[in-house]
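Okay, structure first, notes after.
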Amino acid sequence: MVPSKVAVAGGKGGVGKTLLSVALAHALDVPLVDCDVTEPDVPAYLPLEVKRELFDVEQPVPVRTEDCKGCGECERRCPWDALDDPMACDGCGICGAACPVDAIKFESERLGAVVEAVCERLGLTVRYPDAEPWAPELASVVVNSLADLDAFVADCPAGLGCPVIATLTSVEAAVLVGTPDEAALRDLERAERLATELDVPYVKVLNMAEGHVGKGDFDVVIPKLPALHEAAQNRDPEGIVRELKPYVETVLEAIRA
């Protein structure tokens, strides 16, 4: 039986997690969730039609009112320099408490949203963070949005920080992806340890394995696929799925095992 909630992770960026996530979600006929708030790649590879905004994310920003006397006490007390850069505000309220004339008020600034879109050509539902500039507050919102899905494939961000850990705790299995370079293999080992510590069963995939001999301790080995790269550059979803189909089938067999 194939798990209904799967994360695709690996640590290092640029190892091909997103394209594999697309093909895997299509094969399983489940929604794809792009969990990368810094650089969500799914919209770059798939033609998407946004259907709705699921979760708005706002944060308080400090604003000086006309009562401000210009004493500068708020600026001196703020640890984030948020009076000059309101988007750095974390809402602690120190500036307001420090103001001798109560001239600081807080307004809500929209940071972004988690949106739901559809790739009509694949019949694939996609969720991804939509924010400009980058809003780290969206990370927890994206992961929390997984809770209302009965099945999904989650494309994890690069690294092995809190968003990846939170995503792995929400799934039944993980697909860990690396490439033959030393940095990616080191990160893949860390990802294995993390999945083991979290008691998440996983499948190991070596991607872009040009010149790699044998499977070694990998469950699936995917060679370099020039046609896949071309399909991704051309935002050709059918091409992405077609090129990865035999390898996705092997991934699913390994997950079932």
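Adding 1 to a residue's 1-based position in the sequence shown gives its number in the numbering used here.
Heads up, the beta-carbon is just placed ideally off N, CA and C, and yes, glycines get one too.
Cβ-based burial, residue i [other Cβ within 10 Å; buried from 16]
i, result
"L199", "exposed"
"S109", "exposed"
"N235", "exposed"
"R187", "exposed"
"V102", "exposed"
"D57", "exposed"
"E190", "exposed"
"D85", "exposed"
"P202", "exposed"
"T168", "buried"
"E244", "buried"
Identified DSSP bridge partners for residue i
i, result
"V206", "V178, V221"
"A196", "DSSP, once it has assigned bridges, lists no residue as partnering A196."
"V58", "G113"
"V154", "V7, L33"
"V119", "E50, T126"
Delimiting residues of the beta strand (DSSP E) encompassing residue i
i, result
"L125", "125-132"
N-terminal and C-terminal residue of the alpha helix (DSSP H) that residue i is part of
i, result
"V201", "Looking at the DSSP string, V201 is not in any alpha helix (DSSP H), and its letter there is neither H nor E."
"S141", "139-145"
"D228", "Just to set this straight, residue 228 is Ala in the shown sequence, not Asp. Looking at the DSSP string, the run of the alpha helix (DSSP H) that includes A228 is 227-234."
"V172", "Looking at the DSSP string, V172 is not in any alpha helix (DSSP H), and its letter there is neither H nor E."
"L245", "238-257"
Cβ-heavy atom distance, residue i to the ligand SAM, below 6 Å
i, result
"L229", "This structure lacks the ligand SAM; in fact it carries no ligand of any kind."
Can you confirm whether the segment 87-102 touches the segment 54-63 when touching is taken to mean that 3 or more C-beta pairs between the two stretches lie within less than 8 Å? Result yes; three or more Cβ-Cβ pairs closer than 8 Å.
Any chance you could list the alpha helix (DSSP H) runs of at least 4 consecutive residues sitting entirely within the segment 80-116, in chain order? For the segment 80-116, whole alpha helix (DSSP H) runs of length 4 or above, ordered along the chain, are 95-99.
Segments assigned beta strand (DSSP E), at least 3 residues, entirely inside the segment 5-83: Listed in chain order, the complete beta strand (DSSP E) runs (minimum 3 residues) inside the segment 5-83 are 6-10, 33-35, 50-65.
Meets three-Cβ-pair contact criterion under 8 Å: the segment 34-49 and the segment 143-155: The segment 34-49, when compared against the segment 143-155, does touch it at the 8 Å Cβ threshold.
Flag this pair as touching only if the segment 3-19 and the segment 170-186 have three or more C-beta atom pairs under 8 Å; answer yes or no. Contact between the segment 3-19 and the segment 170-186 is present: three or more C-beta pairs spanning the two stretches fall below 8 Å.
Whether or not the segment 44-54 and the segment 114-122 are in contact is what I'm after, with contact meaning three or more pairs of Cβ atoms, one per stretch, closer than 8 Å; do they touch? Yes, they touch.
For the pair the segment 195-209 and the segment 238-247, tell me if three or more CB-CB distances fall below 8 Å. No, the segment 195-209 is not in contact with the segment 238-247.
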